[in-house]
Structures are given as C-alpha cells and as structure tokens.
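Take the sequence shown: its letters are residues 8 to 136, numbered as in my numbering.
Glycine is no exception: its CB is placed at the ideal position from the N, C-alpha and C atoms.
Keep in mind the model is a prediction, meaning the values are calculated, not measured.
A quick write-up on the structure given underneath.
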Amino acid sequence: MLRYAGRCCDAVIDAHNKLADTSFPWFPFLCFRPSSPAEPIKLITTVLMAPCFALLFNALMTLYSVFLYRHPFSLESTAIAYLYWCLGFLVWFNICTRPLWNIRAYRLLRGDSGGELLEEQQQVDDERA
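Dropping the structure here:
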C-alpha cells in the first residue's frame, strides 16, 4: 500500500513539474521561473509572485464580470477581490507549486532522483540550450 502511495505521489510530482517546465504557467512573469529544474524556488519568490499573478487575474476577472455580466464596476470591490486573489495565489504557490518543484530540485541536487527525472532534466536542458 505504501509503495503504491509513493508511486502516486511521484506521479503527481512528475506531472506537476512537467507542466511547470513549460513557459505557459509562468507567462507573463517568466522572470520568476527558476533557471534550471535543479534550482529550488525560495519563499520570497512565491511572495513576489502572488501579487503579480493576482493583479493579472483580478484585471481579467473584472473585465469578464463587467463586460459579460454587466456588473457595475467598483474600485472598492476590485481592491477586495485583488486581496483575495493575492491570498489565493500565495496559498497555492506555497502549498502546491513550491513544494512540488523543490522536491524535484533537491532530488536532482542530491543525484538520487531516479532515471526518469534525470532524463526529463536532460531534455529540458537540451531545449533551453
């Protein structure tokens, strides 16, 4: 049972990192993406990422609600929504993105990641070169 749980966790980590290795989830803030898969994401990076992504999503959701649903625009409600987006992204980045990325990064730094992750890193390094 524990082996199966370990394989499921590894599959989730691999799937998340395969998506995170692409530029799509980081766009338009590619400057926050670590330069290599072996570089861990620091807490300060996630703290800086949250308001940036929150600003983008808040603007998109405000436009969506104003133009599609004809909700009246209010600066106060937009500011409150921005704070909720900040909190949501901060929680997401610190509970999901950073730990899953860092698990792989620490495995790669130690060199005990297994063949699949090392091959994946090699492919990513070749694509970036």
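Using a Cβ-Cβ cutoff of less than 6 Å, which residues in the same chain neighbour residue i once the five nearest sequence positions on both sides are dropped?
i   : result
R40 : W33
L97 : A57
F60 : F96
Rank the options by C-alpha distance to the C-alpha of residue i and give the top, closest one.
i    : options              : result
C38  : T104, L107, P47, T52 : T52
R114 : D28, E46, L82        : E46
T85  : Y76, L94, M68, R77   : M68
G118 : P44, R14, P35        : P44
Which of the three DSSP states is assigned to residue i in this structure?
i   : result
T29 : coil
H78 : coil
R14 : helix
E83 : helix
I48 : coil
Whole-angstrom Cβ separation of residue i and residue j, contact assumed at under 8 Å?
i    : j   : result
F64  : W92 : 5 Å
N109 : I20 : Rounded, the Cβ-Cβ distance is 10 Å, inconsistent with contact.
The alpha helix (DSSP H) spanning residue i covers which residue range?
i    : result
N101 : It is not in any alpha helix (DSSP H) - N101 carries neither H nor E in the DSSP assignment.
Please work out which residues of its chain come closer than 8 Å, Cβ to Cβ, to residue i, disregarding the five sequence neighbours upstream and downstream, and give them in chain order.
i    : result
C103 : H23
Y89  : A61, L62, N65
Closer than 7 Å by C-beta to residue i: which residues in its own chain qualify, once you throw out the five before and the five after it? Chain order, please.
i    : result
F100 : T53, M56, A57
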